[in-house]
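Its first residue numbered 486, the sequence shown is counted upward by one per residue in this note's numbering.
Just so it is clear, CB atoms sit at the ideal spot from N, CA and C, and this is done for glycine as well.
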Amino acid sequence: MDPASGAEPKPYATDRYTKEDDGLAQDWYGHVWLNPPYGRDFNEDFAEKTLEESRRDEVKSITALVPGSVETNWFQENYGKADALTFIDGRVKFVGEKDMSPSFPSVIATYGLENLNGDYFDALDELGLVYPRTESFLRRMLDAGRSPAAALDTYFTEFRGHTFAEWARVRDVSTPAVYQNVKEITTKGDKAAKGGQ
Ligand SMILES: C[S@@+](CC[C@H](N)C(=O)[O-])C[C@H]1O[C@@H](n2cnc3c(N)ncnc32)[C@H](O)[C@@H]1O
486 MDPASGAEPK PYATDRYTKE DDGLAQDWYG HVWLNPPYGR DFNEDFAEKT LEESRRDEVK
546 SITALVPGSV ETNWFQENYG KADALTFIDG RVKFVGEKDM SPSFPSVIAT YGLENLNGDY
606 FDALDELGLV YPRTESFLRR MLDAGRSPAA ALDTYFTEFR GHTFAEWARV RDVSTPAVYQ
666 NVKEITTKGD KAAKGGQ
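Next comes the structure, spelled out in C-alpha cells:
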C-alpha cells in the first residue's frame, strides 16, 4: 500500500491514501511503499509516523524513499532506526518530469527485513550502498520466533553472500559464543529502542 499517493501518473499500489485521505491520520498495513511529500512541513511528521507504523503488527514492511538529511533529528530518530538504509547512487528522477531531480540526495529506509526476500535485496543493491543495522535486523528475526542460528544464517546469506555456518567453519569460530553475542547485541538494541538507558 502507498500512504502518500496522488502525484504518480498511475497508482503503484492497489491500496493507497492521498492528500485528501491524509495518510498521516490513517493506519498503514501490509507491505508499504512511502515516498512522502517533500518539504519542511512534512518531513518530521512522515518520519515519526513511519517509525510508529513500522512497529505495528499489521505492517509487514516499509520501504521509504526519503531525503538523505542524515544530520537532522527527524532523520536520525526515525529513519535512522530502520533495519537498513540504502544510500542511493546519484539522484532519483521525478516520473514524467524530464531531467528533473531533487537538489538533495535520497535514502531508502527499510523496516521489516525479515518479511522481505532475496529479490528485494538484489533490487536495493542495484540502487546504491545498502547498510543493514545488524542489531535491529537480528532482533526482529528473534522476535519473529527464529533461532539465533536461523537469524544469523539469513543475515549472512543476504549481506555477506555465504551462510553463517560456512563462515564459522572457515574461521574456526565458536558458534555458541556468537549466539551469546547475538543475545547481548539484541538486548542492547531493546534498551536503545526504549530510550537508551
Ligand atoms: C513525492 S509524491 C509521491 C507520489 C507517489 N506515491 C510516488 O511514489 O511516486 C508525494 C505524494 O503525497 C501526497 N500527499 C501530500 N500530503 C499527503 C498526506 N497528508 N497524505 C497522503 N498523501 C499526501 C502528494 O499529493 C503526492 O502525491
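Would the beta-carbon of residue i be found less than 8 Å away from any heavy atom of ligand 1?
| i | result |
| --- | --- |
| serine 490 | yes |
| leucine 550 | yes |
| asparagine 666 | no |
| leucine 509 | yes |
| aspartate 487 | yes |
| aspartate 506 | yes |
| tyrosine 497 | yes |
| asparagine 520 | yes |
| threonine 595 | no |
| valine 517 | no |
| valine 592 | no |
| phenylalanine 527 | yes |
| tyrosine 502 | yes |
Can you name the residues that DSSP bridges to residue i?
| i | result |
| --- | --- |
| leucine 616 | The amino acid occupying residue 616 in the given sequence is tyrosine; leucine does not appear at that position. Leu570. |
| arginine 576 | Answer is none; arginine 576 lacks a bridge partner. |
| serine 591 | Pro552 |
May I ask you to report which of helix, strand or coil DSSP gives residue i?
| i | result |
| --- | --- |
| serine 632 | coil |
| proline 496 | coil |
| proline 552 | strand |
| valine 544 | strand |
| serine 490 | strand |
| glycine 515 | strand |
| threonine 503 | strand |
| tyrosine 523 | coil |
Can you determine whether any heavy atom of ligand 2 sits closer than 8 Å to the C-beta of residue i, and answer yes or no?
| i | result |
| --- | --- |
| glutamate 493 | Ligands in the displayed structure: ligand 1; ligand 2 is not one of them. |
Measuring straight from C-alpha to C-alpha, what distance separates residue i and residue j?
| i | j | result |
| --- | --- | --- |
| tyrosine 564 | alanine 492 | 23 Å |
| glycine 603 | serine 546 | 14 Å |
| glutamate 669 | aspartate 607 | 30 Å |
| tryptophan 652 | methionine 585 | 45 Å |
| aspartate 487 | aspartate 568 | 20 Å |
| lysine 578 | glutamate 611 | 15 Å |
| glycine 553 | lysine 566 | 14 Å |
| methionine 626 | alanine 498 | 27 Å |
| glycine 681 | lysine 495 | Residue placement at glycine 681 cannot be trusted, given a pLDDT of 41 that sits under 50; what the coordinates show is reported in the next sentence. C-alpha separation (whole angstroms): 43 Å. |
| aspartate 530 | leucine 509 | 7 Å |
| tyrosine 514 | tyrosine 502 | 12 Å |
| arginine 645 | arginine 654 | 15 Å |
| alanine 489 | serine 632 | 36 Å |
| leucine 637 | arginine 624 | 11 Å |
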